[in-house]
Ligand SMILES: C[S@@+](CC[C@H](N)C(=O)[O-])C[C@H]1O[C@@H](n2cnc3c(N)ncnc32)[C@H](O)[C@@H]1O
């Protein structure tokens, strides 16, 4: 057992009570080790979507949690929570894991060995990584998207469409002539752009007592595309509460699990009292990295003149 919480707390499943509860839509936060809470949840087999952003074992101060485990112990911990997540996921469910380079391969291998299917290996790209001289600067985290059954998963592209490069850079009339979704496309698997940066400094979303808070737009994309209104979303590593905050704002029920009491209390304040700050702020916009060029029609007009 890692950290200081007594293991006996969840030895008897009837003792499992959320530390925080609110309705409309139902939102629950459990305080404890997710490996034990997941095993005792009354919702086993009926969770529609899991988003997991675990401690990376980078010696970050997360309340009572020891984030500097011997590597073997960290890998066992990782497999244990992954297995517990698979067990609570519904047969049509999807699971996302946010993880850096040093553990991504191990997680992918384990999920594949457990019969999960990979749908996408996305990259969250951010600027302002830690400056260093001896190797390239880290500017990404992996966003691994797995499901239990590729022929039966929830996938809603429409709410997450973005303006295509064809429309925003080239002004190509063919994309505007489409029957539906004129000028729009499903986003690529590398995610970046306005509001997609790491949450730090004076970012409006920032919760000062939390470490490694994810941007709301990231969770909005995952939740809108991989669940329906009224579905149940679960986050085994709540942190500042981004997943439950965005779930509530988008009409999803949610369960958060957090090891530290103090972090859980602060997350709950955000989830219930602050809410989502950038709802819809980035939806439908372009992620183009080149400025608009003159349209073909303008070029033709110029050459006719
Ligand atoms: C990387 S942070 C999550 C950040 C979150 N995605 C956000 O946007 O704020 C990981 C969190 O997991 C918690 N944690 C660590 N080990 C845990 C465990 N075994 N069970 C539940 N929570 C745990 C830490 O206290 C920390 O708050």
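In the numbering used here, the protein residues as written are 2 to 306. No residue lacks a Cβ here, since even glycine has one placed at the ideal position from N, Cα and C.
- Message: At a cut-off of 8 Å, would you count residue 127 as near ligand 1, judging by its Cβ distance to the nearest heavy atom?
- Response: As a first step, residue 127 must be located in the chain shown, where it is residue number 126. Using a cutoff of 8 Å, the CB of residue 127 does not count as near ligand 1, since none of the ligand's heavy atoms is closer than that.
- Segment limits, beta strand (DSSP E) that includes residue 141: For the purposes of this step, residue 141 is taken as the residue at position 140 of the chain shown. If you look at residue 141, you'll find it in the beta strand (DSSP E) that goes 141-148.
- Span separating the alpha-carbon of residue 262 from that of residue 240: Here residue 262 corresponds to residue number 261 of the chain shown, with the count starting at 1. Here residue 240 corresponds to residue number 239 of the chain shown, with the count starting at 1. When rounded, the distance between both Cα atoms is 11 Å.
- Query: Roughly how many angstroms lie between the CA atoms of residue 276 and residue 197, to the nearest whole one?
  - Reply: Translated into positions along the chain shown, residue 276 becomes position 275. Translated into positions along the chain shown, residue 197 becomes position 196. Taking the straight line from one Cα to the other gives about 18 Å.
- Message: Does the structure place the segment 45-55 close enough to the segment 266-273 that three or more beta carbon pairs sit under 8 Å?
- Response: Result no; under three Cβ-Cβ pairs closer than 8 Å.
- Straight-line CA distance for residue 11 to residue 41? As a working mapping, residue 11 is identified with position 10 in the chain shown. As a working mapping, residue 41 is identified with position 40 in the chain shown. Its pLDDT being 42, under 50, residue 11 is placed unreliably by the model, and the measurement read from it follows with that caveat. Whole-angstrom Cα-Cα distance: 7 Å.
- Query: So, helix, strand or coil for residue 259, using DSSP?
  - Reply: Counting from 1 along the chain shown, the entry for residue 259 is found at position 258. In the three-state scheme derived from DSSP, where H, G and I count as helix and E and B as strand, residue 259 is classed as strand.
- Message: Rounded to whole angstroms, what is the Cα-Cα separation between residue 213 and residue 100?
- Response: On the chain shown, residue 213 is found 212 positions in, with the first residue counted as 1. On the chain shown, residue 100 is found 99 positions in, with the first residue counted as 1. Computed Cα separation, rounded: 12 Å.
- Item | Inter-residue Cα distance where the pair is residue 126 and residue 49 | For the purposes of this step, residue 126 is identified with residue 125 of the chain shown, where counting begins at 1. For the purposes of this step, residue 49 is identified with residue 48 of the chain shown, where counting begins at 1. As the crow flies, the alpha-carbon of residue 126 is around 26 Å from that of residue 49.
- Item | Beta-carbon spacing of residue 222, residue 290 below 9 Å | The sequence position of residue 222 within the chain shown is 221, counting from 1. The sequence position of residue 290 within the chain shown is 289, counting from 1. Here residue 222 is not near residue 290, since their CB atoms are 9 Å or more apart.
- Message: Output needed for residue 51: all residues of its chain with C-beta closer than 8 Å, excluding positions within five of it in sequence on either side, in chain order.
- Response: Mapped onto the chain shown, residue 51 falls at position 50. A distance below 8 Å between beta-carbons, with the five flanking residues on each side excluded, links residue 51 to the following residues of its chain, in chain order: 86, 89, 90, 94, 95, 96, 97, 234, 235, 236, 237.
- Item | Spatial neighbours of residue 20 in its chain, beta-carbon cut-off 7 Å, leaving aside the 5 residues before and after | In the chain shown, counting from the first residue as 1, residue 20 sits at position 19. Correct list, in chain order: 30, 31, 32, 265.
- Message: Counting C-beta neighbours from all protein chains within 10 Å, is the total for residue 37 16 or more, i.e. buried, or is it exposed?
- Response: As a first step, residue 37 is located in the chain shown; it is residue number 36 there, counting from the start. If you draw a 10 Å sphere on the C-beta of residue 37, you find 16 or more other C-beta atoms in it, and that means buried.
- Message: Considering Cα atoms alone, identify which of 17, 108, 158, 288 is closest to residue 224.
- Response: For this step, residue 224 is matched to residue 223 along the chain shown. Residue 158 is the option with its Cα nearest to residue 224.
- Query: Can we count residue 143 as close to ligand 1, meaning its CB is less than 8 Å from some heavy atom?
  - Reply: For the purposes of this step, residue 143 is taken as residue 142 along the chain shown, with counting starting at 1. The answer is no for residue 143.
- Could you tell me whether any non-hydrogen atom of ligand 1 is closer than 8 Å to the CB of residue 315? Residue 315 falls outside the range modelled here, since the chain spans only 2 to 306, and no answer is possible.
- Proximal residues to residue 231 (C-beta, below 8 Å), its chain only, five neighbours per side dropped: The residue given as residue 231 occupies position 230 in the chain shown. Excluding positions up to five away in sequence, the list reads 26, 252, 253, 254.
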